[in-house]
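Peer 1: First residue of the sequence shown? That's 32 in the numbering used here, and the numbers climb one at a time after it.
In this text, a Cβ means the ideal position worked out from N, Cα and C, and glycines have one as well.
Just so you know, these numbers come straight off a predicted model, no measurement behind them.
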Amino acid sequence: MLNDEGSFDVNEKFKPFHETYKIFTYIMTMGLIYPNPKTEKIRLKLILFAILFVSPLLFLIGYDVYKCCLRHDIVNIIRHSTVAGPIVFILLKIMSFYYNRDLVKELIDEINRDHVRYNKLPTKYQDIVEKSLRYHKTTEKRWVACVSISSFLFVIMATVFTIYSQIFDAEPMKYMIHEIDAPTIESIIGWPYYEIMFVYESYVSIYFVLNFSGFDGFFGVVINHACLKIKIFCNAFSDALKESNEDEIMRLIHEIIRDQCKMFSFVNTILAVFSSWFVCILIVALALICNCMYLVIQGHGFDIRYIVFTIATIIHIFMPCWYASKLKSMSQESSTMAYFSGWEDVPIPRVRRTLMFFMARGQVPLQIEALNIIKFDMELFVSIMRTSYTMLTLLQSSS
């Protein structure tokens, strides 16, 4: 293994984070979550502005929810919650990332250091890295597309329906991105309420895309990188045992163990950064899946927007569960890969003793947990879907 120190050359295959993941870097920067020390003060001011910017929308939604409660309008209460909940979730994620900005930067710096090292590895390892990065970038684009479609569909359909109504209907109507019953505002302020709210909610939709694409996508990037680390040092272990010199074998194994420890530290940093998000996403996913399905079934007719939004929400909770399962499986597989590394051909007692400890540590799975209680894996995803269906049934029976 190679020294962590180094810098990137223009002609090298693997670039730093901001060049490797250009889309995520741009989205994270625009979403105020990219950890650039030079812009910390500006970012803090923009975060405060973002909070103030969405506050009027939350106030209007809250006021309309209050009126819905008075007339027992459950459908509209749930409809408002599908917007207000994610907005609050976005603000919490922004503040969480700003608070943990040093840890986030540490994750990015570790990825950059690894890419420097990968540029100097043999072709076999570079092929592994290249395949992994290609997979990461494909996943990145698909996730951004998923979030964009689910968010901008509200804007597109409101625009199309309004234009169609203005041209063909005898009594033209104006469709809002998210309908809020505030009939007295336009007469009070004397401004065109619909036009202002349409532009206002369009900006909020853009911020939905920036935050959910950047924050949640970054989690996928760092988990995939942790899995890549495991692949690299497991292959390195197999190659180390092919050396003929005993001292050289032990030197390489010690460096591999240091790489393994760095990987554990990397995962611990991931847990520290996303610990609060793990709890929030469970609550938000349960509520949104249940609420969106209720709107599809009990709402005002068939609405493709909430069907797409439901699918996007399911994908949203599926992704962390799937990534966590991938990390768990990969960490356990490292022990199996070490066992089949050809150790039986190396009759050196201290090498075999070291191998035993390496395998024993690999048999302890790396687990993504919320509050050190709830384990993220595919079983949790199935449990969330079942719980959401149960909540939907209770909601239907109560209404």
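Compute the beta-carbon to beta-carbon distance between residue 288 and residue 389, rounded to the nearest angstrom, for a pair I have assumed lies under 8 Å.
Peer 2: The residue you call residue 288 lines up with position 257 of the sequence shown. The residue you call residue 389 lines up with position 358 of the sequence shown. At roughly 7 Å, the Cβ-Cβ gap stays under 8 Å, so residue 288 and residue 389 are in contact.
Peer 1: Does the structure place the stretch 110 to 126 close enough to the stretch 86 to 102 that three or more beta carbon pairs sit under 8 Å?
Peer 2: Short answer: they touch.
Peer 1: Of the choices 64, 345 and 105, whose alpha-carbon is the least far from that of residue 419?
Peer 2: As a position in the sequence shown, residue 419 is number 388, starting the count at 1. Comparing Cα positions, the closest option is 345.
Peer 1: Since residue 142 contacts residue 48 with CB under 8 Å, what's their CB separation in whole angstroms?
Peer 2: If you number the sequence shown from 1, residue 142 lands on position 111. If you number the sequence shown from 1, residue 48 lands on position 17. Contact flag correct, Cβ pair sits at about 5 Å.
Peer 1: Return the residue from the list 231, 235 and 176 that minimises the CA-CA distance to residue 62.
Peer 2: Taking the first residue of the sequence shown as position 1, residue 62 is located at position 31. Ranking 231, 235 and 176 by Cα distance to residue 62 puts 235 first.
Peer 1: Given this structure, state the Cα-to-Cα distance separating residue 335 from residue 98, to the nearest angstrom.
Peer 2: Working through the sequence shown from its first residue, we reach residue 335 at position 304. Working through the sequence shown from its first residue, we reach residue 98 at position 67. Going by the C-alpha atoms only, they are around 26 Å apart.
Peer 1: Mind checking if residue 163 is an interface residue toward chain C, Cβ cutoff 9 Å exclusive?
Peer 2: Absent from the structure is chain C; it holds one protein chain and no more.
Peer 1: Mind reading off the beta-carbon distance from residue 248 to residue 137? Whole number of angstroms is fine, and I expect it under 8 Å.
Peer 2: As a first step, residue 248 must be located in the sequence shown, where it is residue number 217. As a first step, residue 137 must be located in the sequence shown, where it is residue number 106. Not really, about 18 Å apart at Cβ, beyond 8 Å.
Peer 1: With 16 other CB atoms within 10 Å as the buried threshold, where does residue 124 fall?
Peer 2: Reading the sequence shown from its first residue, position 93 is the one you call residue 124. Its Cβ being crowded by 16 or more others within 10 Å, residue 124 is buried.
Peer 1: Starting from the C-beta of residue 293, find all residues in its chain whose C-beta is less than 8 Å away, skip the five residues before and the five after it, and write them out in chain order.
Peer 2: Counted from its first residue, the sequence shown places residue 293 at position 262. The answer, listed in chain order, is 141 and 260.
Peer 1: Indicate the three-state DSSP secondary structure (helix, strand or coil) for residue 210 in the structure shown.
Peer 2: Along the sequence shown, read from residue 1 onward, the residue named residue 210 stands at position 179. Reduced to three states, the DSSP call for residue 210 is coil.
Peer 1: Going along the chain, which unbroken runs of the beta strand (DSSP E) with 3 or more residues stay wholly within the stretch 55 to 102?
Peer 2: As far as the stretch 55 to 102 is concerned, it has no whole beta strand (DSSP E) run of at least 3 residues.
Peer 1: Is the beta carbon of residue 160 less than 9 Å from the beta carbon of residue 55?
Peer 2: Here residue 160 is taken as the residue at index 129 of the sequence shown, counted from 1. Here residue 55 is taken as the residue at index 24 of the sequence shown, counted from 1. Taking 9 Å as the Cβ cut-off, residue 160 and residue 55 do not qualify as a contacting pair.
Peer 1: What do you reckon, are the CB atoms on residue 253 and residue 401 nearer than 9 Å?
Peer 2: In the sequence shown, counting from the first residue as 1, residue 253 sits at position 222. In the sequence shown, counting from the first residue as 1, residue 401 sits at position 370. No, Cβ-Cβ distance for residue 253 and residue 401 is not below 9 Å.
Peer 1: For residue 237, name the three-state secondary structure that DSSP assigns.
Peer 2: Within the sequence shown, the letter at position 206 stands for residue 237. Residue 237: helix per DSSP, three-state reduction.
Peer 1: What is the DSSP secondary structure of residue 176, reduced to helix, strand or coil?
Peer 2: Counting from one through the sequence shown, the residue named residue 176 turns up at place 145. In this structure, residue 176 counts as helix in the three-state DSSP scheme.
Peer 1: What did DSSP end up calling residue 221 once you bin it into helix, strand or coil?
Peer 2: By 1-based counting over the sequence shown, the position of residue 221 is 190. Residue confidence is low: residue 221 scores 49 on pLDDT, short of 50, so the model does not pin down where it sits. No coordinate-derived value is stated.
Peer 1: Give me, in chain order, the residues of the same chain whose beta-carbon lies closer than 7 Å to that of residue 120; leave out the 5 immediate sequence neighbours on both sides.
Peer 2: As a working note, residue 120 is residue 89 in the sequence shown. The answer, listed in chain order, is 311 and 315.
Peer 1: Where does residue 399 sit, in a helix, a strand or coil, going by DSSP?
Peer 2: In the sequence shown, the residue the question calls residue 399 occupies position 368. Here residue 399 sits in coil by DSSP.
Peer 1: Would you please state the rounded distance, in angstroms, between the beta carbons of residue 149 and residue 266? I believe it to be under 8 Å.
Peer 2: Along the sequence shown, read from residue 1 onward, the residue named residue 149 stands at position 118. Along the sequence shown, read from residue 1 onward, the residue named residue 266 stands at position 235. Not confirmed; about 12 Å, so no contact.
Peer 1: Less than 8 Å between C-beta atoms, sequence neighbours within five positions excluded: which residues of the same chain meet that for residue 416?
Peer 2: Here residue 416 refers to the residue found at position 385 when the sequence shown is read from its first residue. If we look at residue 416 and ignore the five residues flanking it on each side, its Cβ neighbours are 320 and 345.
Peer 1: Assuming the contact rule is C-beta atoms closer than 8 Å, residue 397 and residue 106 should be a hit. Round their C-beta distance to whole Å, please.
Peer 2: Start at 1 with the first residue of the sequence shown, and residue 397 comes out as number 366. Start at 1 with the first residue of the sequence shown, and residue 106 comes out as number 75. Between residue 106 and residue 397 the Cβ distance is about 43 Å, and since that is not below 8 Å, they are no contact.
Peer 1: Starting from residue 143, trace the alpha helix (DSSP H) both ways and give me its first and last residue.
Peer 2: The count along the sequence shown starts at 1 and reaches residue 143 at position 112. It spans 132 to 149 - the alpha helix (DSSP H) in which residue 143 sits, taken as one unbroken run.
Peer 1: Tell me whether the beta-carbon of residue 244 lies closer than 9 Å to the beta-carbon of residue 127.
Peer 2: Here residue 244 corresponds to residue number 213 of the sequence shown, with the count starting at 1. Here residue 127 corresponds to residue number 96 of the sequence shown, with the count starting at 1. Contact flag unset, no.
Peer 1: Please determine, among 347, 88 and 281, the residue with the shortest C-alpha to C-alpha distance to residue 318.
Peer 2: What you label residue 318 is simply residue 287 of the sequence shown in a count that begins at 1. Residue 347 is the option with its Cα nearest to residue 318.
Peer 1: Between the Cα of residue 350 and the Cα atoms of 373, 167 and 422, which residue gives the shortest distance?
Peer 2: Translated into positions along the sequence shown, residue 350 becomes position 319. Ranking the options by Cα distance to residue 350, first place goes to 167.
Peer 1: Going along the chain, which residues of its own chain have a beta-carbon closer than 8 Å to the beta-carbon of residue 297, five neighbours each way excluded?
Peer 2: Position 266 of the sequence shown holds residue 297. 138, 141, 253, 256, 257 and 260, listed in sequence order.
Peer 1: For residue 204, report the span of its alpha helix (DSSP H) as first-last.
Peer 2: Here residue 204 refers to the residue found at position 173 of the sequence shown. That residue, residue 204, is in no alpha helix (DSSP H); it is neither H nor E in DSSP.
Peer 1: For residue 351, report the span of its alpha helix (DSSP H) as first-last.
Peer 2: If you number the sequence shown from 1, residue 351 lands on position 320. It spans 335 to 370 - the alpha helix (DSSP H) in which residue 351 sits, taken as one unbroken run.
Peer 1: For residue 406, which three-state DSSP category applies?
Peer 2: For the purposes of this step, residue 406 is taken as residue 375 along the sequence shown, with counting starting at 1. Of the three classes helix, strand and coil, the one that applies to residue 406 here is strand, per DSSP.
Peer 1: Report all residues from its chain with a CB closer than 7 Å to the CB of residue 412; omit the five preceding and five following residues, and keep chain order.
Peer 2: Counting from one through the sequence shown, the residue named residue 412 turns up at place 381. Hits under 7 Å: 348, 349 and 352.
Peer 1: Please state whether the Cβ-Cβ distance between residue 291 and residue 392 is less than 9 Å.
Peer 2: Residue numbering aside, residue 291 sits at position 260 when the sequence shown is read from its first letter. Residue numbering aside, residue 392 sits at position 361 when the sequence shown is read from its first letter. In contact: residue 291 and residue 392 (Cβ atoms closer than 9 Å).
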